Structures are given as C-alpha cells and as structure tokens.
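Only one structure is covered here, and it is reproduced in the block below.
6 protein chains.
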Amino acid sequence: MDLQIPTINNLIDLWLTEDLGRGDLTTVLDDDEVCSAIWIAKQSGIFCSGPLVQKIFQKLDKSAQISLEVDEGGAFKSGQKVLSVTGKKSALLAGERTSLNLAMHLSGIATETKHLVSQLNGTGVRLADTRKTTPGLRLLEKYAFKCGGGMNHRMGLDDAAMLKENHIAWSRGISESVQSLRESIPWTAKIIVEAETEEQAKEAVISGADGVLLDEIPPNQLKILVPILRKLARTSSNERESRQIVLEASGIDPRKIKDYASTGVDFISSSSPITKSYWIDFSMRFNKGQ
Amino acid sequence: MDLQIPTINNLIDLWLTEDLGRGDLTTVLDDDEVCSAIWIAKQSGIFCSGPLVQKIFQKLDKSAQISLEVDEGGAFKSGQKVLSVTGKKSALLAGERTSLNLAMHLSGIATETKHLVSQLNGTGVRLADTRKTTPGLRLLEKYAFKCGGGMNHRMGLDDAAMLKENHIAWSRGISESVQSLRESIPWTAKIIVEAETEEQAKEAVISGADGVLLDEIPPNQLKILVPILRKLARTSSNERESRQIVLEASGIDPRKIKDYASTGVDFISSSSPITKSYWIDFSMRFNKGQ
Amino acid sequence: MDLQIPTINNLIDLWLTEDLGRGDLTTVLDDDEVCSAIWIAKQSGIFCSGPLVQKIFQKLDKSAQISLEVDEGGAFKSGQKVLSVTGKKSALLAGERTSLNLAMHLSGIATETKHLVSQLNGTGVRLADTRKTTPGLRLLEKYAFKCGGGMNHRMGLDDAAMLKENHIAWSRGISESVQSLRESIPWTAKIIVEAETEEQAKEAVISGADGVLLDEIPPNQLKILVPILRKLARTSSNERESRQIVLEASGIDPRKIKDYASTGVDFISSSSPITKSYWIDFSMRFNKGQ
Amino acid sequence: MDLQIPTINNLIDLWLTEDLGRGDLTTVLDDDEVCSAIWIAKQSGIFCSGPLVQKIFQKLDKSAQISLEVDEGGAFKSGQKVLSVTGKKSALLAGERTSLNLAMHLSGIATETKHLVSQLNGTGVRLADTRKTTPGLRLLEKYAFKCGGGMNHRMGLDDAAMLKENHIAWSRGISESVQSLRESIPWTAKIIVEAETEEQAKEAVISGADGVLLDEIPPNQLKILVPILRKLARTSSNERESRQIVLEASGIDPRKIKDYASTGVDFISSSSPITKSYWIDFSMRFNKGQ
Amino acid sequence: MDLQIPTINNLIDLWLTEDLGRGDLTTVLDDDEVCSAIWIAKQSGIFCSGPLVQKIFQKLDKSAQISLEVDEGGAFKSGQKVLSVTGKKSALLAGERTSLNLAMHLSGIATETKHLVSQLNGTGVRLADTRKTTPGLRLLEKYAFKCGGGMNHRMGLDDAAMLKENHIAWSRGISESVQSLRESIPWTAKIIVEAETEEQAKEAVISGADGVLLDEIPPNQLKILVPILRKLARTSSNERESRQIVLEASGIDPRKIKDYASTGVDFISSSSPITKSYWIDFSMRFNKGQ
Amino acid sequence: MDLQIPTINNLIDLWLTEDLGRGDLTTVLDDDEVCSAIWIAKQSGIFCSGPLVQKIFQKLDKSAQISLEVDEGGAFKSGQKVLSVTGKKSALLAGERTSLNLAMHLSGIATETKHLVSQLNGTGVRLADTRKTTPGLRLLEKYAFKCGGGMNHRMGLDDAAMLKENHIAWSRGISESVQSLRESIPWTAKIIVEAETEEQAKEAVISGADGVLLDEIPPNQLKILVPILRKLARTSSNERESRQIVLEASGIDPRKIKDYASTGVDFISSSSPITKSYWIDFSMRFNKGQ
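Protein chains in written order, with our numbering: chain A, 320 to 609; chain B, 320 to 609; chain C, 320 to 609; chain D, 320 to 609; chain E, 320 to 609; chain F, 320 to 609.
Quick look at the structure:
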C-alpha cells in the first residue's frame, strides 16, 4: 500500500473522529507525559497493519514511535509481543482502540488468506481477491490480502473492465461488447469476461478478452475446459494479436480449493478471507512504571 | 440510526468513490434506461441496511426506488427475495457492489447478534456491544447490532467515560478518578469503571460510578459478587445520592452466555457479533426483460 | 477540550480561510523574518483559548511559539500582558485577527460564566450550560463555559436524551416515552425530562428518568417541590432500581440565581454566559524592534 | 448574501453535525409525519436569517416549507409570530436548535446595528463593520450587519489592503508601502491606510490611498482634520490621478456616535453590533394538533 | 466520463467557489426571474463538455435546463449556436464564466486532438494521451481527448505500471523489474516498459511486459524495429504465455505523425493536444427580452 | 501568492490524489533511500511555481529539499538547470509528474505574459488578466500572470463588481445600477462598468464608477475617447466626490497591443497569456549514482 496518498491521511482522520467524537472525556485525567505500551497477540496468525498503526499514533502525537517486533505479513504465535509504542499518554489512550481495531481486523484477513494460499503452494496457481470488501476499507483489506500472500484483483470499477452477466444480457453479445469496450476504455485497462458456461467462455476467448472468469464451474469440468480455451486462444490469434488469456476460477468452495488448483487455471479468486474471517485478538498493555 | 446526519451522506460518497474511482469503465455500454432488480438471500438470517441501500442508489439516481420485502431487523430464509430496486441501469450497476457489501456485512452482524440475544430471552439481561468495531463503520455496525436485538454501549470516547486499567494505574485510585471526572465531564455523561477484581468492583461502587464493568470474572464468582455490590450501592448512598448501579459482565465466552445471564448482572457485553461474524450472502438479479 | 481531535484542525482551517480568502494582500510587504508580539488586555476578565491560539499560529508557521502569561481559566486585569507570541511576520499578521477574535469571544464567555458561578460558591450547586451556542462554535463555547467554572450539559442531541414538551405531547406520556427510550438508546446515555409543572416533574421521577429539568418554576415553588421529588425518587425505586435523580433548574433569571441556589436543586442551567456576553478586548502589539 | 455559494451548504452541514453528532437519540420516538411549528419573538428587534433557516430545514427534509411573517431586515415586536415552518417531525426537531441559535444570534446583531444606524439617519454618514467577527461566521454576521442597515467593510485580508500600524513600522513609510502595494495587488483592490495622527493621515492622502481610517481621533479633532484632508486630496492629484478619498472614523465610542457623524467623515466603523450584542429570544412552538 | 462519481460534484463545488468566493456582488441587482441564453461559437472546432455545463448550472439552480445544439464530440462552425440554457438569472450569471472556461478549454483540446487523429484515419493506428495534464483537470482533459477521437492511456500511477528510465536504473534490470511487479500488482494491471533503445525494447518484450513504449525513436528506425519486436513476442512465448505485445511510439513530433503511423506501432502517444492547444472562443448571449 | 492559505494545501492533495489514485504501483520497486534530481529546461522562458513545487514534494516527504536555480519570474535558457530536488525516491517519483505539469503550465503562462508585457515597457500602461482561467487553477494562473510581469484584475465575482452588458440590459440603466451597487456592496469594493460604446462609457464615468472597461473599441477611437472621459470625470465630480477613473481596454488583438498602449488607457486586459499559451518543456533527470 502506498502510504503517501492523501486518502490514507483522510481515512485516519475519519477513524479517529469516529471514536474520539468531541474528545476523549478521560484525557482530563492524563498529562502529556510520555509512556510506552506493547501489543501482545492472544492467538497465532499473520500480522498486518504496522505502518498504519504508526501513522495513527503519529497523527495524535507527532513524536510517537512504533517498533515492530513482527514483520508485516509475518507469522506470530499466541503470547508473542508484536509491537511496542512510545508516546504521550493521551495519544496512546486516544489511539488505542482505533489502531487495535484496524490491526485485529486486517490481521484476521491476512491470516485467513495465508490459510488458503498455503494450500496452493507449489501449484503455480495464485489466489486473488474480489470487490467484496467492507465499505470504506477496500484499500486496507486488499492490502491485508496481499500481506497474507494473495494477489489483488481489480481495485474498482475503473481500473479494469469486467463484463458480467447483466452487461452481456443487455448488449448484442460478448464479442460486440468486448470490441466496444476496447474502443472506449484506456488501452492500458484489461477486459475480463465473466462466463458461466463453456459456450460463453469460448466466445470470451475468441472476442479477444484479456481474461475469463469461469464462475461456479466444478473442478472436473474446468479440467476439461481450460485446455480447450488455451488452444482456442492460440489459434484464434493472428500475427498482430497473438494473445495471452488469463483464466480464473471464481465462485469456488474454499474447502475444495486444492481441486481447483489442478485444473490449469491461472488464478482462483475468493472473497472468503475478507467476508468469512474473524478478528485476531491483540491486547495493548501499558508500562505501569511510567 | 438517524439518516438525517450529514455523516451518512459523506460515508456514502466515500464508499462509492472507493468502488467507482475515476468512473465505471462499463457505463459506456449502458444507457439511462430504467430497469429493475431484486435481491435474493442465499442463506437465512436477520436483515439490516434497507434505508442505507435506498440512500446509496438514490445518490446515483435521484429517482431510484427501493421496495423492502423484509423489515429492517426481520428474519429471512434462504432463497427469499429481500428487496427490489428500480432505477437507471448505470446507477444499478454502479451501486450494486457497494450496497451489497454493506448489506451483507451488516446483516451478518445482525444475524450473529440475534443468535446471542435469543439465548438471553426471558432473563431480563440485555446484550451490549463494545467499541471493537471496524474503523469507519462504527455507526453502521452498532446499528446492525441493534437490528439484531442488542443494545448499544457508549458510541465513543466522548459520550461516556470509562475508567480502564490504565487510567486507574496512572491515578491515585478509583475514587479520586471518579470524583475528578465528575468535576470535569458533562453532568449528562455516565462514568463506568472497569473492574477485574472484587476489591476494584467494590471501590467502584463506593466511588459513585454509574456502572461497573466486571471484566473476565467467571459466572460462579459473579453470582456471589453481584448481590454484594447491589447492597453496597444502597448502603453507601446518602439521601441526595441514592444511586442506581449498572452491572455489566464483559470479557465473556459467548458459548457460555447463558451462565452469565443468571448472575444478576444488567448487561452482558460482547464484541463477537461484530468481530466474529461472517457476511450473509445476497445476490442481485437484474430483470432481463428491461 | 481535547485538542487531538481532527475537528479542531478543520475548524482552524475554516477560520483562516474565512479571513485569508485568496491570501493576505499585504504579505507582499513582509518577509519571513521572525518577530514577536504581545497581547494586552484592555479590561479585566477570565482568560480562555490559549492552546487554541497556539494551534492557530502554528498552522501558519510551524515554529511559532506562544508563551501564556495567564493560565487558562485564570483572571487578568486591564493592562496586563496575557501572552506573547514569536513567529514569522507573515504568520503573525495572518493569524492576528482570527486568534484575537476567538480569544476575545471565548474570554467574554468565560468571564460572564465566572460572574454567575461566583454567586454559587459554597452552595454546592453548579452552573450548567445549554445547547444555545453559536453555530459552528459549540465545542469552543462550552469549553469557555468550563474555563469560567461552569459544568457542561449534554453536548448535542446524541449524547443524552432530553424529552421536551413536544416529544411528550406527541407520545403517550412521560413514562412510556422514558421506557421506550431506555429500550432504544445506548445504556450509557442518560434520559432527562423537561418538566414545567409539579405533576410532570413527579411523573418524570416515577418514570425512572436520570434527571429532571424544572423549567421556569419560581424559586419559592422549587423549594417545596425539590424535597418532594427526592423523596419520591427514593420510595419509587425497588432493590434493583434504587436511583439517583438529578434536579436542574432552567429558564431562570440570572439576576436571581442565588435564590435558585437555595432550593435544593443540583444544577442551575443558563444560556446567558453565551447568549448575553460581550467580547473581552485584547490588543496585539508587535515588537517594533524586530 | 449569495446563498448559491457552496460555502453556505458546507456551513449548514457543519452546524447540524455539531448538534446532531451521531444522530438525535429521540428520533426513535418520532415518525415521518408532517407537522408545523411557529416562531414567536419574546422581545422586539430586527429579523435576520430567514433564507438560512429555510435552507437548514430543507437540508433535513427536502420538502420542508418556511413562511416568513417578517421581512428579512424588518422589525418585529415581542409576542409577534416571525415565521412558520412545515415539515417532518424528525426534521423539525433536529433543526430546531441550530436554526434558532443562528436566527437569535444574527437578529441580535441586526437589532444592535439598526440601533446605531438609526442615530446616523439623515447625516449621510454610514455605519461600517470590521473584521471582528466570530470565527466561522463572518459571512453571516456581516450579512446581519447589512440587514440592520449597516454597510460592509472589507470581507477579509484578500479583498482590500489595509496598511496598519505594523505594516508601516516595518516598511520605509506610508508612501512607499502604498506604492509597493499598488504594484502588486489586483488593480481592483482598494488600499486603505490606518492613521492615528494628523501627520499619518496627511501622508496617507498624499500617498494616493483610496481610503484613510482615522483611528481613535476624537470628534472635535476630526472636525478640523477632515476638511484639511479633503483639500489635500484635491490639490495633490494631477490630471490623471484626480482622486476620491474615503475617510472613515474608527475606534469610536458607540454612545457618542452622533458626534462623529457631524465631522464630515464618510463612514464610521464599529465592531460593537457584533462584539457587544445579545441574542434576541425566539421560541419555537409546535402545533400540537398534528 | 462517468458523471455519477462524487469527484465530479466536488470539482464543480471547487470551481464555483473559486469564482464566486464570498458571493457574486452583483446578484443584488438580480431577482429569481427565469431567463435564457445561448452560446455562440466564435470559431470552428469540436465541442466538448455539454453534460458538465448542465451540471454546473443545475448546481446553482436545480431547475436549469440545457439544450445542446451540437453533439458531444461533434463539429461546429464559427457563428453557430452550440447550446441554449434556461434558468434563474442569478444562476446564469453566476455560472457563466465557470462553464464557459471549462467548455472553451476542453473544446480546444478536443479540437486539437481531432486535428491529429484525422491524420491517422485509415491507418489503424490510434492516438493516445499521456499523464501531462493540467493539475486538477486530468479526468476532464482526458475526456476531451476522447471527444476528439483519441484513446486514453493510463489514468494515473495506480491503474497501470510503467517502468521508466529511473525505475530501471535503480533496479537489477528490466526482466527482474517486470517479474517483481507481476508479483505485487493486481493481475488486472498491465505493465508497460519505456524503452529508448532497441536493446531495451527487446528486453522489454522478452520480459513479458504487456506493452512497450518506444520513446524518441525516429520513424525509419521504428519501421525496422517493430517487426523484430513482434516476432520476438511470438517466439519468446510458451503455451501458457503466448502473448500480445502493444507497441507505442512516444516523444514524437506531431507534425510528422503520419510517418509514425506507417511504422507498424499500435499507438502513437502525444501530449500536444493538451499542452499545446488554445481555447476555443464561445460567447454567452442573454435573451434580452426576459 | 500567499502559500499560507489552507486552499493551497487542499489543491496539492487534489492534484496528488488525481495522479496517485490508489497508490503508485511501482513504489513496490523502490525503497526510502534518498536521491536527487534536477530539472532541465528544454526551451527558454520565464520560470514560475518554485514555491509550489517545493510544497508538492514536501507533502510526500517532509524532509524533501528544493534548490531553485532560477528566480521565480526569472528568465531561463534552453538546456539550463532550473532547480534541483533531494528526497526519498518514492516521493520524487510520486511527485514528478504533478510538479512538472504545474510548472510547465504556469511557466508557459508567465512566458507568454512577459512577451506581451515587454511590448508595453516604458508606456506606463500595464497588462491585466481576466477571469478566463482554467477551472480549479485561478489562483495559480493569476499568480503566473504576475510572475510574467502582469497585474491581476479582480479575482472573482466577489472582490469587485463589474456591470456587464446583461446587468445593464436588465436594470434601469448604468447610473441606477452603479448607485444601487454602492448601497449594497462593501465600500472597499470597486465598481467597474463594461462599455461597448462612447455613450455607455460616458454614462459610466458620470455614474461614479471606479473604472470603465472599454470593450472592443479600436485604438484610433480610443485615442479620441480617453481624454473625453478623463475630462468628464474631473468635471462631473463635486468636492466630496472628486474622483479617479481607471480606464481599461479589453477585447484587444494581442498582436496590436502597442497600438492600445498609446491611447491613454491605464490598463490593457488580455486573456491570451492564459488561454493561448503552450506549456514550457522541463525534464526531470534523476541522479543515477544514488
């Protein structure tokens, strides 16, 4: 994630405003004394959000310092210290919940992603995410997905064009839609077609799409279909248009992910690390001595 | 949730910007024709987010209309139609993912909340949420918690004061902290003390706190402690300060929630409907005829 | 006031934009030389806004430094130096009017508040503010009210529920309204009932409200009513609901505030320090030598 | 005031957010039924803010309608109905305090302005405001000043250049400063010099300034000085630069405003209608029948 | 351009605020009477910005109506009426300059683009834009480029990855950089390599980049290089990676654009329609009768 | 330009967001190493935007440092180094395009302005800009106009009032309009009348306007009209209203600007440096060693 972008700064303001509202009522008890705290993992998992946690605390106290004990995307065990932070008491109290909430949520996603990705190890097939992300957190959740070893799919409706069921139903067919899109969208944007049948998949390949999303097709059928599509891609191209076709299996059952890995697809996409994951529990412990 | 507040409008802009970015690349394929679509539930649950879904689509097309087939907070079965929407094709396509993501996430929380709440039926004890909410979605997730039958706890650090472990460690004790807060915060704001031991709980009651959060105390110990605290509250009050004390069990294991219900506490708080719930799956089906 | 919250930063941007618009036309005459200036009080009063003045100047020049000669909430005499500031000439000129306007307005409120509060000294009764605040400045004016020795009432429509005349007229009575609110609002939010008659006040107490606002009831009537209400609160509570009732006199004539202090109420609320106060005059004098 | 500008819309959002925060807790008691209410003046004065009140309520309910019974800038008596409003109950309750606060504050300023302006009737001298305005409300307060019959001075540091004591002290004198400004600022921007002595005033006139602000000069001295300055303006101009000089008395005692009116100045400026005015009391009464 | 996105709404607010500032001083002369006006072209060209002009006027007056006499992207002659608008006088005056400025600027770009594009007619080669766009207007200027018949290149640093001179210099070579990017960026994002020599271009093709930007290579050299690169693309691909390579000529002299069109490249990119175009002159004439 | 104003900060955020979107995809290749780069002019011109370039890079890397080799408003030759910048690689890459785009655009305007201004040298007549500026960039383009030696006209509809053709057509004549405006606008705001005929110009002078914009009147006619208007200004003024009238020629052909300079007008206004200028080409070269 590119922490330079103004969007990140605005999101942190939004998150803090949400929790602090008109101001932490208990800050009256605290002074500007500097103190330190550590985060302890209460279960094992994959860590995600270190650079963001640092930015959150520094928004409240410019001189706050974070020291990460676990690498971004690295594994931790229950009971392990994952980071320490030093800063003004009022800043540590004010940023505690927001930073923990973010880290617990994102680490939950990274952990679940890693769980799926590890089942694809050695297959050459990669796991991709989807646009099923919590409103307001897409950048962050997709970042967590990468921390867990996954690969991002398109980020929004604007950086790649996907022809879905409805687009096709409303148009004069896949080929015309792909051609029409090629005329209108930036040439740097890929076109992907969602196919639910063999026929649609073939038409998509012939149409010159950059990728085909094979939706809810069982592994055994995919195993037969994939080589057909790849051959079609080669033969349907002319000198100037020899083309690479990316094949992706979607709408899968995560428990059967290994079956899909042997079908020859390039990617398997799954929303489950984001829509079906629990938060990882971290606890913030203040150094009483200070 | 009060949909009048400007915050809701700003959040919808944020969510749409996140998905639409520089604009839906496929809108070039669509016109301004009006079409309709329905949402089908792919599993059973408790519905949440109807008024928000309406606002999302109306942001894209002022004349879009939503018709809810399931009441907000009502139950639905797998396969059931939960709502229908009519509006411009481009608006329906542009708002599809954002509205579904929101509804699937919030309905997941409402469903999980209802699951816990139903175990408290008839006990007079209510389930409360916590500040463990996804950054940027607190208002919404707490609203979903209410839709599922739960009761909201404080909304942020500013509308009630909670003295936690660290506040107490850094101060000259519970009583002084409570008294100091009473002097400084709005008189309309309640003071709650987090207690991890019987001793702390008693001191909290005597200090005149409005509520005591009994953290990670097993049900059998709670059963003994609660009557002691209630009696203490009565006896420690003078004419002008006769007081009601709210007792809340926190840090509980959701699987044992019934054990806590019989301890005499007023509330049981749990973050699990928010931090440990899955999205409920809805599918949006466009009316092909149009 | 919690200066950490992003809201404060945004307000300062708003205030400076309002005065600077497209930029100070006279900055072309100035360079980035550092200079210093002092603020002199032209009348006596209670000082308020020091930390905000610092933030305003630092927004224009990060290295600007303020030195407060009078404590926040402290008294000053006419002719006294209240603070000194050092920074770039262009920043001092650009921030002069905005910072003075804020400090003069807030110190006027703090001064007027102290004037009323001092009449309650020794009575145990505290002065509370209201929601009658200048649009855009509620946080600041309520902060000034506290600097003058007052106590804040609820901050908005969202952190405590007050049943007013219209709510009651539109509902099936006070008791049902209170009970209905208890079911729906966060348990940490207090419920206050505005009562204009003895009958309403009694019903409010019996309903289990946390506070009763006794509106426009003369001191001699209050003196009789208050003990009745306190007794009613004790007797109407059961074991689990023994309750503290806060009684507040509102709609008072500030000139007769002492009469209200002896009625036994806990609070007297008044908007007059905010709606009926003049600005305190400060003058900013630049050090010519620099 | 130009209600078209986006700034007005943003301010209304800010004001409502301030009062509504996370949402009106009592809206749970209300439905979307339409009701009506009236505003009654509890004292006499000059009305100001009608179009803004309309925009506030319409922000909450697009179909809300206001009917003004008193013209903007018109006089009303105690007990008089100043406006009526019809809209959804929840919108009327949510907008009540914000709209009243604005109208009470602005009408207070308009009333006080009219009080001063009426003393200048028939003199040809007009009353001008200053940049002493409540942070965040300059546009509104200056608008109220106009409603009361006053004339606006510059709106900020960017639409006219005023050379004040410090600018002059830091430069090589008034003439050089004026000339330097003429070279750098838009030709459409006027240059005004603040003069505290006869000598400064003369130098200002000779320098070619568009206006001279005669600060804290007693009426009897002004009476002598003004004709001298006017003559100087005529004689110091050449064919191409024959010039009009605007003379303004500032730093006046409002109680002696009539004495200044006979000195020959064009304007008298005073911050007192803004910094030394009380709110006018309005009461909003809901129609119980609905 | 997708007019649904919140960004467009925010830009219009920004543009109007810039021109209207604290409000149009002359609106005091006008009422809310409805009037109409037309736009006349003072030179020939390609029209662009109709839907935006409509949104600008409707921001000021919801009921304003635009009627376009020339299609978006269509040609007009000097003296021709391009559109008519009806709305409140104050809205037409307030939106006049902003809407004209936008349309004149964008139509200038569309016109210049068409001029270049027309030289490529029949060649199958398309003209692409660059990231050289006026800050704050990228979406709009790229939209104008499309209106003129051009094709958009990537919209920003985030929707396609381009390896430029410095990226390569800082890395361990083109192949490693491409491979490293493939691992990290969304699979839907294309990778383009900027090549200034034949050697770099070949390495780029072999590396598996999606496109090669051939920078400042003369047409005669390109004519030889292009077939070599295309052949290399075919031969360097294996079954799974048969690939399409897009070749783009950049850094060209617009006057020699035809020479590039016959080199076999797919695209020619040029910033000149944006960086080297004049505004097209339109005049807004009000219907005096109204 | 006053860089202190929050508007500048917001614009930089807007510009960077536009280019960076969801983040620079290639930053994954870079580290936080510090490097340096220089800007080389590829043609001669007048430099403009140094302080803004510094602010852009510092937004991305607080410790970035710019060293200007050419003064703001100074001339440079083709091949000359205009500035150097040192900062983190990721910041230099992320800010490269935005800063170059701004500087190339603004320097183009400054260069074209200087070209026109140099033809007025020694005439005492100054060149003024207009409100024809690219939406979103008015402050910047007017600043560039000043860097090129021009003088700014009014900045918006709010800092000076200009009566144009339509205002006059809709009113009861010039005199009444001017008088009406004088009553309503701040006294510090000038009133300018746009005149297209001798008759209108005379009426404007008599009306007491501060300036007359003589639109599309040929030089030979202007030469006769100007002395008439100046004499009229002197004779039509009384003691209190002796007035300076500013005469401006607008709607000119830039190629004949010298002819207008000898007509006796004070200003010649032209939009051409902004609407008819090309970008100046700069190239950013990174120091490979680092």
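From the three backbone atoms N, C-alpha and C, an ideal C-beta is built for every residue, glycine too.
These figures come from a predicted structure and were not determined experimentally.
Item                                                                                                                                                              : Value
Under three-state DSSP, which class holds Leu482 of chain F?                                                                                                      : strand
Give a yes or no on whether 7 Å exceeds the smallest Cβ distance from Ile331 of chain A to chain F.                                                               : no
Please compile the residues from chain A whose C-beta is within a distance smaller than 8 Å of the C-beta of Ala422 of chain F.                                   : Under the 8 Å cutoff, chain A gives no residues; its nearest Cβ is about 20 Å from Ala422 of chain F.
Put Val404 of chain D into one of helix, strand or coil per three-state DSSP.                                                                                     : strand
Skipping 5 residues on each side, what residues in its chain have a beta carbon closer than 6 Å to that of Ala447 of chain F?                                     : Met470, His472, Phe586, Ser588
Cutting at 6 Å between CB atoms, please list the residues of its own chain near Glu388 of chain D, excluding the five before and the five after it.               : Lys400, Val401, Leu402
In or out: Gly441 of chain C buried (at least 16 other Cβ within 10 Å) or exposed?                                                                                : exposed
Return yes when at least one heavy atom of the ligand SAH lies under 6 Å from the C-beta of Cys466 of chain C, else no.                                           : Among the components modelled here there is no ligand, and therefore nothing to report on the ligand SAH.
Classify Ile599 of chain E as helix, strand or coil using the three-state DSSP reduction.                                                                         : coil
Classify Glu558 of chain F: buried if its beta carbon has 16 or more other beta carbons within 10 angstroms, exposed otherwise.                                   : Confidence at Glu558 of chain F is low in this model, with a pLDDT of 46, below 50, so its placement is unreliable and no value can be given for it.
Cβ atoms of Ala463 of chain C and Leu439 of chain C: under 7 Å apart, would you say?                                                                              : no
Any idea what DSSP makes of Leu379 of chain D, helix, strand or coil?                                                                                             : helix
Where do the ends of the alpha helix (DSSP H) carrying Ser526 of chain E lie?                                                                                     : 517-526
Given a cut-off of 7 Å on the beta-carbon distance, is the pair Gly468 of chain D and Val512 of chain D in contact?                                               : no
Is Gly392 of chain D helix, strand or coil when you go by DSSP?                                                                                                   : coil
Rounded C-beta distance between Lys381 of chain A and Trp598 of chain B? I'm assuming under 8 Å.                                                                  : Not really, about 38 Å apart at Cβ, beyond 8 Å.
If you scan the segment 440-495 of chain E from start to end, which runs of the beta strand (DSSP E) of 3 or more residues do you find wholly inside it?          : 445-447, 480-482
With Val545 of chain B and Thr516 of chain B assumed to form a contact (beta carbons below 8 Å), what rounded beta-carbon distance in angstroms separates them?   : Val545 of chain B to Thr516 of chain B, Cβ: 14 Å. No contact.
Quick one: is Pro325 of chain C near chain A, going by C-beta distance under 7 Å?                                                                                 : yes
Let's see if you can read the secondary structure: which residues bound the beta strand (DSSP E) around Leu344 of chain D?                                        : Per DSSP, Leu344 of chain D belongs to no beta strand (DSSP E) and is neither H nor E.
In angstroms with no decimal places, state the Cα-to-Cα distance between Leu335 of chain F and Ser418 of chain F.                                                 : 9 Å
Candidates D:Val444, D:Gly570, D:Ser368, D:Pro573: which alpha carbon is nearest Cys466 of chain D's?                                                             : D:Ser368
May I ask which residues mark the beginning and end of the alpha helix (DSSP H) holding Gly552 of chain E?                                                        : With the sequence shown as reference, residue 552 of chain E is identified as Ala, and Gly is not the correct amino acid for it. Ala552 of chain E -> alpha helix (DSSP H) spans 538-554.
What residue from B:Leu412, B:Glu337, B:Ile324, B:Lys378 has the CA that sits closest to Leu330 of chain A's CA?                                                  : B:Glu337
Evaluate the contact criterion for the segment 480-493 of chain F versus the segment 485-494 of chain D: three or more CB pairs, one atom per stretch, below 8 Å. : no
In the DSSP assignment, what are the bridge partners of Cys354 of chain F?                                                                                        : F:Gly406
Output, in chain order, the set of chain C residues within a Cβ distance shorter than 7 Å of Trp506 of chain B.                                                   : Ala447, Met470, His472, Val565, Phe586
The beta strand (DSSP E) with Ala580 of chain C in it runs from where to where?                                                                                   : Segment 576-580 is the alpha helix (DSSP H) holding Ala580 of chain C; no beta strand (DSSP E) there.
Run through chain A and tell me which residues come within less than 7 Å of Gly527 of chain B, C-beta to C-beta.                                                  : In chain order: nothing, as chain A lies at least about 16 Å away.
So with Cβ pairs under 7 Å, would you call Arg604 of chain B a contact of chain E?                                                                                : no
What does Thr453 of chain A touch in chain C if you count any residue whose Cβ is under 9 Å from its own?                                                         : Within chain C, no residue comes near Thr453 of chain A; the closest Cβ sits about 21 Å away, beyond 9 Å.
Which one of D:Asp321, D:Pro592, D:Glu460 has the shortest CA to CA distance from Glu431 of chain D?                                                              : D:Pro592
Mind checking who Gln384 of chain A pairs with in its DSSP beta bridge?                                                                                           : A:Thr405
In chain C, what lies closer than 9 Å to Arg416 of chain A by C-beta?                                                                                             : What Arg416 of chain A touches in chain C: nothing, since even the nearest Cβ is about 14 Å away.
Would you decide whether Leu412 of chain E is buried or exposed? Buried here means 16 or more other CB atoms lie within 10 Å of its CB.                           : buried
Which residues in chain F have a C-beta closer than 9 Å to the C-beta of Asp578 of chain D? List them in chain order.                                             : In chain order: nothing, as chain F lies at least about 20 Å away.
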